[in-house]
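>
Number of protein chains: 2
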Amino acid sequence: MDADRDKGASPGAPRVDALDKACGRQRYAADETPPGCLLAGVKRAGIPHGRIVRLDTAAARAVPGVVTVLTRADVPGTNRQGIVHKDQPVLCGQRVRHHGDPVALVVAENKDALAAGLAAVEVAFEALPAVFDPEEALSPNAPLVHPDREGGNLLAHGLMEKGDAESALAGCDVVVAGRFATPAQDHVSLEPPNGLARLAPSGRLTMVVSTQAPFRDRFEIAQALGLDPQRIRIRAPYLGGGFGGKDGATVQCLLALAALRLPGRWIKMAWSREETFLAGYKRHAAVMDIRLGARADGTLEAIACAMCFDAGPYAHLSGEIMELGMEHAGGPYRIPHVRIEGSCAYTNNPVGGAFRGFGVVQACFAVERAMDMLARRLGRAPESLRLQNALRPGETSAVGVAAEPGTDVAACLNAALAHPLWTGREAWKQAAPAFTRRGVGLVAVQNAMGYGRGLPDHATAKLELTRQGTFRLYNSVPDMGQGNAAAFVAMAAQALGQPEAAVACVQPDTAACPPAGSSSASRTVYTFGNALLRACRTMAEKLRNRAALALLCDTPDRLVLTPGGVSDPATGRFVPLSVLAGFLIRDDRICIDQFVMPVVENPPDTGREFKLGFPHRYFTYGACLCGVEADELTGRVRLVQCLLTVACGKVFTLAGVEQQLAGAAAQGAGLALFEELALEGGRIRAGDLSTYLIPTSLDLPDIDCLPLPDDEPSGPLGIKGMGEVGIHGPGPAVAQALFDAVGLDAASLPITPEVVLAALEELTP
Amino acid sequence: MDADRDKGASPGAPRVDALDKACGRQRYAADETPPGCLLAGVKRAGIPHGRIVRLDTAAARAVPGVVTVLTRADVPGTNRQGIVHKDQPVLCGQRVRHHGDPVALVVAENKDALAAGLAAVEVAFEALPAVFDPEEALSPNAPLVHPDREGGNLLAHGLMEKGDAESALAGCDVVVAGRFATPAQDHVSLEPPNGLARLAPSGRLTMVVSTQAPFRDRFEIAQALGLDPQRIRIRAPYLGGGFGGKDGATVQCLLALAALRLPGRWIKMAWSREETFLAGYKRHAAVMDIRLGARADGTLEAIACAMCFDAGPYAHLSGEIMELGMEHAGGPYRIPHVRIEGSCAYTNNPVGGAFRGFGVVQACFAVERAMDMLARRLGRAPESLRLQNALRPGETSAVGVAAEPGTDVAACLNAALAHPLWTGREAWKQAAPAFTRRGVGLVAVQNAMGYGRGLPDHATAKLELTRQGTFRLYNSVPDMGQGNAAAFVAMAAQALGQPEAAVACVQPDTAACPPAGSSSASRTVYTFGNALLRACRTMAEKLRNRAALALLCDTPDRLVLTPGGVSDPATGRFVPLSVLAGFLIRDDRICIDQFVMPVVENPPDTGREFKLGFPHRYFTYGACLCGVEADELTGRVRLVQCLLTVACGKVFTLAGVEQQLAGAAAQGAGLALFEELALEGGRIRAGDLSTYLIPTSLDLPDIDCLPLPDDEPSGPLGIKGMGEVGIHGPGPAVAQALFDAVGLDAASLPITPEVVLAALEELTP
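Residue numbers (our numbering), protein chains in the order written: chain R, 1 to 765; chain Y, 1001 to 1765.
(1) List the endpoints of the continuous beta strand (DSSP E) containing Ser343 of chain R.
(2) Contact check, Met480 of chain R vs Tyr526 of chain R under 8 Å by CB: the rounded distance?
(3) Using a Cβ-Cβ cut-off of 7 Å (strictly less than) and excluding sequence neighbours within five positions of Cys1308 of chain Y, which residues of its own chain qualify?
(4) Is the segment 1611 to 1627 of chain Y close to the segment 581 to 592 of chain R, with three or more CB pairs under 8 Å?
(5) Have a look at the DSSP bridge pairing and note the partners of Thr1436 of chain Y.
(6) Using the C-alpha atoms, what's the distance from Val131 of chain R back to Glu395 of chain R?
(7) Are at least three pairs of beta-carbons, each pair with one atom in the segment 1515 to 1531 of chain Y and one in the segment 1683 to 1694 of chain Y, less than 8 Å apart?
(8) Answer with yes or no whether the minimum CB distance from Asp457 of chain R to chain Y is below 8 Å.
(9) Is the CB of Gln468 of chain R under 8 Å away from at least one CB in chain Y?
(10) Looking only at DSSP bridge pairs, what is Ala504 of chain R linked to?
(11) Taking CB distances under 8 Å as the criterion, tell me whether Gln1594 of chain Y reaches chain R.
(12) Which residues in the same chain have their Cβ closer than 7 Å to the Cβ of Gly454 of chain R, if we skip the five residues on either side of it in sequence?
(13) The beta strand (DSSP E) that contains Asn1545 of chain Y, what's its start and end?
(14) Tell me the rounded alpha-carbon separation between Ala1363 of chain Y and Ala1073 of chain Y.
(15) Mind checking Asn110 of chain R: buried by the 16 CB within 10 Å criterion, or exposed?
(16) Rounded to the nearest angstrom, how far is the Cβ of Gly1152 of chain Y from that of Leu1144 of chain Y, given a contact under 8 Å?
(17) Select from the segment 1433 to 1459 of chain Y all residues with a C-beta closer than 9 Å to any C-beta belonging to chain R, and list them in chain order.
(18) Across the segment 196 to 215 of chain R and the segment 229 to 247 of chain R, are there enough close Cβ pairs to call them in contact, namely three or more that are closer than 8 Å?
(19) Closer than 8 Å, CB to CB, is Leu496 of chain R near chain Y or not?
(20) Using 8 Å as the limit for Cβ to Cβ distance, is Pro545 of chain R near chain Y?
(21) Per DSSP, what kind of secondary structure is Gly1726 of chain Y in: helix, strand or coil?
(22) For Leu738 of chain R, tell me which candidate among R:Gly687, R:Asp688, R:Ala672 has the shortest Cα-Cα distance.
(23) Are any of the Cβ atoms in chain Y nearer than 8 Å to that of Thr555 of chain R?
(24) Which one of R:Val176, R:Phe358, R:Thr620 has the shortest CA to CA distance from Ala411 of chain R?
(25) In its own chain, which residues sit with a C-beta less than 6 Å from the C-beta of Gly1008 of chain Y, not counting the 5 before and 5 after it?
(26) Starting from Ala1703 of chain Y, follow its DSSP beta bridges and name the residues at the other end.
(27) Taking the alpha carbon of Gly1241 of chain Y as the point to measure from, which residue in Y:Asn1194, Y:Gly1681, Y:Gly1226, Y:Leu1549 has its own alpha carbon closest?
(28) In terms of residues, what are the limits of the beta strand (DSSP E) holding Val103 of chain R?
(29) Under the three-state reduction of DSSP, which class applies to Thr276 of chain R: helix, strand or coil?
(30) Please list, in chain order, the chain Y residues whose beta carbon lies closer than 8 Å to that of Gly582 of chain R.
(31) With DSSP collapsed to three states, give me the class of Val1489 of chain Y.
(32) One question on the structure: do Gly325 of chain R and Gly359 of chain R come within less than 8 Å of each other, judged by their Cβ atoms?
(33) Which partner residues does Gly1681 of chain Y have in the DSSP bridge list?
(34) In the structure shown, what three-state DSSP assignment does Arg1230 of chain Y receive?
(35) Does any heavy atom of the ligand FAD sit closer than 7 Å to the C-beta of Asp217 of chain R?
(36) How about Gly1715 of chain Y and Gly1668 of chain Y: are their beta carbons less than 8 Å apart?
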C-alpha cells in the first residue's frame, strides 16, 4: 500500500461523476418526485420578533387541493431542533424570532394549491422589540431573544489563553490595534434545500434529503418529533452544493412532521431561492477587536483578540464556530502570549450556521489585516513580517498546540514569492490601464481539519464485491459537489488494482451505509478515505485468501489483485473475480472498516472551557496572492490575479485539488468584493440573485493553484483535507492589494465600489 | 489479546453443548424428518467384483409406496465422486467392485415400502476374478479392479528420501528388520451416515447432511451430477461422530440424485449400522517393511521403510493418507538417512478412506515396534533408546523438516517416566493376580497438524452482533463431537469480554457461513480458532469505535468491552451493546476474518513428487504408557493402565483436551486389542456390533492425560491441534507391554486372545 502512495489517479481521467453531471443526467434529491407526491410549504413570520396572537388555518384548509395545514399544536416531541443546542422550533407556537421563522406547514396536491394555501393562512403578531447588533444584544437593556433563558442573549462565551498577553503587550516595542468586521454570507448552493418523506405502514420513515449529515439528521428529527431514530431512514443523493448550509436541519423536521400526519404519502418540500435567503442559515457576521504586539525586530510577542459573532435567534453551531474561529485567531504564527475571547450573541437577524471556513474566515481576515498594520508600523514588507513569524513544525501555535511535521506556511509563502505573479508584480502594476490602479497582496492562511478533540471524527466505510465480480463502495459522507465520491472511487480502484469503471458508488443511505459523520470540516476525504482504504485492504486480503483456495496457493500474500481477478505471479495462474464472487455468501462479499482521526494527545490548557472540539491536531496551510485593479472612476474592483499555494499533504488528483481551491477562492472573493445581504431590521434586502451578487466566471480570473510537495502520514495516500483553506485568502489579500493599489485600508468586507470610491475621493483630494 | 493467552476458559464450566446432548435435546441430521419426507435406500452389490448382466427395476417400481427406482441411466454428470481422484461411481452401471457398491437407488413413502422395493430390485452379475491382498494386487497377473486404467492396480506410489539409507544401513553396527501390519478399522460413529435433500422450484438444492466437509461436498456433488455448485446449499448440524468416516461423500450424491428426480420433495437417507459397515469407508489396512539401523551406542543412522496400503476399489484419499503415513514413518526421531517408499493398491475390499490418524496410525505402529526390536538388539531399555534419539526443536526430522520450537517429544517421554504409573511399575507388575501376567510399554508419538504445504489450510469465521446486543458465531467447521463449537464459543466469549451465554453458535451452513475447510487433520480449532479470534478482534475494534461515538471518546482504543456493553475506564461511562446494535445496519453488525495455516517456507526436496500436502510444519508430540494384564488361561488382554503425555500448545480447556485424548486412546485401544472386520473374500464377516467389538467403558481403564506446559505462538491462544495424536500410542505401547508381560512380540494388530493364547502356549512349553 505504501508503494501506492506516490501514484495518484491518472491525471487525464475526468472524475467519475463529471459526465453525468455535465449531461444533466445526475439525479439530485430535487429531481425525485414519486407519483402522487404531495408538496409542502412553510408560512413564515415576515417580522423579526413578535408574539403570535392569532393563527387561523381554516381558510387555508378550505383551499381546494390543500391536504392539511399543520401548526405547533400538531408537533409531537420537543419541537426543538439544533445540532448541539436544541433551541430552534420546528414550528413556532407563541413567538417568532426572525423573518424566516416558520409558523405553519401547508401540504397540498400541487404548486398552485400550495401557494394559495400559504397565502390563506391567517396569522397576526404582536410585534416585540428586536435586536440586530450582536454587541448591542449583550448590553443589559437589550430586548431578549429567549426571555426565559438564563444568560440572556449571550449564547456562548469562551477564552483561550497562553502566557500573559496583557503584560506582554505592555512590554512590546510596537502594538497595533484594530477593529475588523466580516459580514453574513449566503451559501447560494445551486440546489436549494429540499427533500421528500414518507411514513410507511410499518412505521418506518423514509426520507430523501439534500443534506450534509444524514446520519445525524435522524437524531435531530427524532428528538424534535419524539420518534425512534432507528426507524428513520435517510438517503442523501449527490448534493447541488452545500457549503455548510445543509449541515443541520432545513426541511428535515418539517417534512417528517408532514409525513407523520399523512402516513403512506410521499411529501416533497423544495425551498425556492428566495425562501433559502429568508430561512436558510448564514455565515456569522462577526466583529473582531485585535491588539497585536511585536518587538522592534518584528518578532511577534502577543495578541489579544475579542471576537463577537452574530448567532441570529438560534444556536445552530454558533458556539462551535466561535470556538474554531478563536483557535485560528492567532493565525499561522508563532506568538508566545495570547488571549482570545469569544462571544456569540442571540439577535433577531437570520440564523447563523455552518459555512465553509467555519469561523476561520472571520478570524483570518482580522489577524491578517492586523499583520498588515503591524508591518506598516514596523516599516516592513507584509510578506517579510509573515515569513519571520511563520509557525514551523514542532513549534507551538498561538493556542499552544505543537505543529505537526510537514510542509509549513513559510514554504507556502515562499512558493508564492517565487511565482511570476509575485516576481513580475511591479511591471504588472505599472501596466495598469488608464483610470485604473493595480495592487498586489499576499497573506498566509491555515485551516484545521476535522471535528477536534473530544468529538470522535469517525468514519466507517463499506465495500462490496458484487456477485458479478465488480465492486460497490458505499459512500457514507454526502458529496456536495466537492468530488469526494469520485475521489473514493479512484482510491478504491487503485487500492484494489481495478479500473475505475469496476467500482460503482452508492450515495449515503442510512439503511445501507454505516455511519461516517458529516460532510464538513475538511474531514471528508481524510477520514472516510482512511476508512475506505482500510476496507480495501481488508477486501484485498480477503480476495487473496479466497483466491488462494482456487489457486491452491498456501501463501496468499504473494497473490496480487489485477484487473478483473487475482493472479499468482509465481505460477501465472489467474482466477476471475466473477468466479470468486459466485462462491462467496453475501456477507463474505462485504468489508467494513473504520477510522478515527487522531487527536492531540496532551492537549494544552489554553482552552480549558472547551470540552468538545478543541484543540485540532492537523492543519492545512496556504498562502494567497491577489492582484486587483481598481477603477478610479467607478470604484469597481476587479480581482485580476489569484494564486493559491497550499500544503495539503500529497495530491491525489490534481484536478480535484484545483477545483476545490478555485471554488473556495471564488467564494472568498465573493465575500471580499461582492456579497452583501443588506440586512435592515433583520430583513434581508438583497434576498434574491438579482440583488445578492455572487461572482460569476466573468467576474473572476483563472485561479492559479499550486499544491506544494507534502505528505501527511496519517492521511489516506498521504492527503490532508483542503476543502476550506482556499476561502480564507481572498478577503485579506484583496484588502492588502487595495491598500497597495489605492491606499484603502479596509477593516471590513465586502469592499464594494462605494467604499472604494469614497476612499479614492478621500485619499485623492 | 496476548494477555488473554494465559487465561483459558473457566475450568469448572461444562462445554456449552453438554447439557443439550446429555438430555437428548441436541438435534442431529438424523433427527430431521420434514413432513411428507420420502425415504431413500440403496441396493448394493453383495459380491466383490462382477459385471452387471441384468438390472430390472420393474418389480421394485410396482411395490406400493415405492416412488421411484433410479439406476446409472438416471445419473446426469460424470457419475464420479472422490475428494481428489474421482473414480467412484454414484451408481454402478456395468461393474461392481466391492460388496457395498450401489447398483440402484429406491425412494419410497415409508420404511416398509423401501425395504420391499430394495428386495424387489432384480440384479444379476457375472462374477469377475477379484483381488483382496494389496501386495498381490500389484503383481503382474492380478485381476484388475479398473481394467481401463493405466497403471493397473497401483493407485499411488511415492518416495521420500534423505541422505543414502542403503549405504548407511550397510555401515550400521546394528540393523533390525521387520514386517508390521495394521488392520482395517470401522469408525463406528454413534450416528451413521445420513442426510436429507430437496430440490426447490428455484433450482436450488438444499441438503442437511451428517458431514465433515459441507463446503467441499458441494463440489463433489456438482461434479458427479453435472450441477452448479453455487446452487447447492448444505447444512451440517452437530455430528454424532465422524472420525474421518464422514469426510467425503457417503449419502450426498445419492440423495442429490434422488432430489433431482423428485423435485420439491424432501428425501431422507439414513444408513443402518450394517449398511455403514458394508458401504462406509474404512481405515486402510497396511503392511510395512522396515529396516532400522543404528550405531552401537544407539544413535539412529538410517531407516528404510516400504508401506503398502489397501485402498479398496476407489481412491478416496488413499494417496494422501499414504503420503502422511510416509511423512511420519521415521517417527519423532533424529535419523540422518531415510528412504520411505509408499504404495497404494486397488483391491476388491471395502473402500479405504480417512480415519483419525490418517496413515500415521500405521506408520507409528511400525516404527515404534522397530524401535523396540532395535532396543532389544542393543540391550537397551526401549525408553532409553527413544530418549536418546528424540527429535529436538530446530533439528531436522526424518523427512528433512526443521522441528518447530516448543515442548518436544523427549519432554513427553520424561513426563511419562516421572509418572507413578512408570515409577511404580515393578510393584504393580509383581501384584498381578493369579493366572495373569502384567507388563508395561512406553512409546513416543507425533501427529502433524493441517493439510500440509500446497493445500491452503484456510478458515473464515463470521461473527454477528445481534440486534439484541448478543453475539452469534457462525461455526464453519462441523463439530463431530470433538467440542470445537464449544471451544469457539468459549474463545469468542473470552475475546469479547462476554459470558458464554451471550454467544450463540450456528452450525455449518454453506448459505450462511463462509468456507473453512473440513473438520479433519487436527486443524479445526487451530485454523478456525485463529480466524475466529481475528474476527473477534475486528468486532471488538468495531464496537469500541461505534461506542466511541456514543461516549464522545476520540481515543476508542481506551474503551473496553465488558459484559453487555462497552465501558470507558477514563469516565466510567458505559453504553449497552443492545443500544449500539440498534443503530448499526446489519452489514455493520457482522465481522468476517480469515486465517491460513503457515507452511514450511523452504521445503526440503525429500518428497519432490508430492506437490500437495507435503511437508507439514507443525507437529503435536506425545508419549503413551500402557499397562496390560494378560490372562494366562484365556489369552484375554486387559488394558489396565493408560497414560498420555502430550505437548499440544497451551491448554484452552483441560476437559476438552482430556476428552479428545481419552477418546482417541480408546479408539487406539480398540485397534490394538478388539476390532477386527474379519474380511473374507472382500466381505466383512464382523459386519455389526455383535461381532465387531469396540471397547466399551467397561473394557478400558481411566485414561490419564497429562498435557505439558507448551505454547504455539501461531495458534489461537497458543494451542495446537490434538484430536488425533492420542490414537497412535495404544497399539505399539500395548504390544511393547505384552512383550514385557508374556514375551509376545506382536507385529500386527489387533492382538486378540487367540494370538496371545497361542503365544503363551509357544513361549511356555
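Here a beta-carbon is modelled for each residue, glycine too, at the ideal position from N, C-alpha and C. For clarity, every value in this text was computed on a predicted model and none was experimentally measured.
By the coordinates alone:
(1) Translated into positions along the first sequence, residue 343 of chain R becomes position 343. Start and end: 337 to 346.
(2) Residue numbering aside, residue 480 of chain R sits at position 480 when the first sequence is read from its first letter. Residue numbering aside, residue 526 of chain R sits at position 526 when the first sequence is read from its first letter. Wrong, their Cβ atoms sit about 16 Å apart, outside the cutoff.
(3) Within the second sequence, the letter at position 308 stands for residue 1308 of chain Y. Pro1134, Glu1135, Ala1286, Val1287, Ser1343, Ala1345, listed in sequence order.
(4) no
(5) Your numbering for residue 1436 of chain Y matches position 436 in the second sequence. Answer is Y:Asp1631, bridged to Thr1436 of chain Y.
(6) Translated into positions along the first sequence, residue 395 of chain R becomes position 395. Translated into positions along the first sequence, residue 131 of chain R becomes position 131. So the two alpha carbons sit approximately 43 Å from each other.
(7) no
(8) Counted from its first residue, the first sequence places residue 457 of chain R at position 457. Chain Y, which has a Cβ nearer than 8 Å to the Cβ of Asp457 of chain R, makes this yes.
(9) Here residue 468 of chain R refers to the residue found at position 468 when the first sequence is read from its first residue. So, not an interface residue.
(10) Your numbering for residue 504 of chain R matches position 504 in the first sequence. DSSP lists R:Arg472 as partners of Ala504 of chain R.
(11) Stepping through the second sequence from its first residue, residue 1594 of chain Y is reached at position 594. Cβ-Cβ to chain R under 8 Å: yes for Gln1594 of chain Y.
(12) What you label residue 454 of chain R is simply residue 454 of the first sequence in a count that begins at 1. So the qualifying residues of the chain are Lys611, Leu612, Gly613.
(13) Indexing the second sequence from 1 puts residue 1545 of chain Y at position 545. Run containing Asn1545 of chain Y: none in the beta strand (DSSP E); it sits in the alpha helix (DSSP H), 1529 to 1551.
(14) Along the second sequence, read from residue 1 onward, the residue named residue 1363 of chain Y stands at position 363. Along the second sequence, read from residue 1 onward, the residue named residue 1073 of chain Y stands at position 73. If you take the alpha carbons of Ala1363 of chain Y and Ala1073 of chain Y, they lie about 42 Å apart.
(15) On the first sequence, residue 110 of chain R is found 110 positions in, with the first residue counted as 1. Exposed, because fewer than 16 other Cβ atoms sit within 10 Å of the Cβ of Asn110 of chain R.
(16) Residue 1152 of chain Y sits at position 152 when you count from the first residue of the second sequence. Residue 1144 of chain Y sits at position 144 when you count from the first residue of the second sequence. The pair is a contact, with the Cβ atoms about 6 Å apart (cut-off 8 Å).
(17) Tyr1451, Gly1452, Arg1453, Gly1454, Leu1455, Pro1456, Asp1457, His1458
(18) yes
(19) Here residue 496 of chain R is taken as the residue at index 496 of the first sequence, counted from 1. Taking Cβ atoms only, chain Y never reaches closer than 8 Å to Leu496 of chain R, which makes this a no.
(20) Sequence index remark: in the first sequence, residue 545 of chain R carries index 545 (1-based). The sequence as given places Asn at residue 545 of chain R; Pro does not occur at that position. Closer than 8 Å to some Cβ of chain Y, the Cβ of Asn545 of chain R qualifies, so yes.
(21) Taking the second sequence and counting its residues from 1, one reaches residue 1726 of chain Y at position 726. Three-state DSSP puts Gly1726 of chain Y in a helix.
(22) In the first sequence, the residue the question calls residue 738 of chain R occupies position 738. That would be R:Ala672, whose Cα lies nearest to the Cα of Leu738 of chain R.
(23) Numbered from its first residue, the first sequence carries residue 555 of chain R at position 555. It does; some Cβ of chain Y falls within 8 Å.
(24) In the first sequence, the residue the question calls residue 411 of chain R occupies position 411. Closest by alpha carbon: R:Thr620.
(25) Here residue 1008 of chain Y corresponds to residue number 8 of the second sequence, with the count starting at 1. Caution is warranted here: a pLDDT of 49 is assigned to Gly1008 of chain Y, below 50, making its placement in the model unreliable, and no coordinate value can be reported.
(26) Position 703 of the second sequence, counted from the start, is the residue given in the question as residue 1703 of chain Y. It is Ile, not Ala, that sits at residue 1703 of chain Y in the sequence shown. In the DSSP output, where bridge partners are listed per residue, Ile1703 of chain Y has Y:Cys1642.
(27) Numbered from 1 along the second sequence, position 241 holds the residue referred to as residue 1241 of chain Y. The option with the nearest alpha carbon to Gly1241 of chain Y is Y:Asn1194.
(28) Counting from 1 along the first sequence, the entry for residue 103 of chain R is found at position 103. Looking at the DSSP string, the run of the beta strand (DSSP E) that includes Val103 of chain R is 102 to 108.
(29) For the purposes of this step, residue 276 of chain R is taken as the residue at position 276 of the first sequence. Thr276 of chain R falls in the helix class under three-state DSSP.
(30) Taking the first residue of the first sequence as position 1, residue 582 of chain R is located at position 582. The contacting residues are Gln1230.
(31) Your numbering for residue 1489 of chain Y matches position 489 in the second sequence. Here Val1489 of chain Y sits in helix by DSSP.
(32) As a first step, residue 325 of chain R must be located in the first sequence, where it is residue number 325. As a first step, residue 359 of chain R must be located in the first sequence, where it is residue number 359. Yes; because the gap between Cβ atoms is below 8 Å, this pair is in contact.
(33) Working through the second sequence from its first residue, we reach residue 1681 of chain Y at position 681. For Gly1681 of chain Y, which the question treats as bridged, DSSP gives no partner whatsoever.
(34) As a working mapping, residue 1230 of chain Y is identified with position 230 in the second sequence. Note on identity: in this sequence residue 1230 of chain Y is Gln, with Arg being the wrong assignment. Of the three classes helix, strand and coil, the one that applies to Gln1230 of chain Y here is helix, per DSSP.
(35) In the structure shown, the ligand FAD is absent, as is every other ligand, since no ligand is present at all.
(36) Numbered from 1 along the second sequence, position 715 holds the residue referred to as residue 1715 of chain Y. Numbered from 1 along the second sequence, position 668 holds the residue referred to as residue 1668 of chain Y. Not closer than 8 Å, so no.
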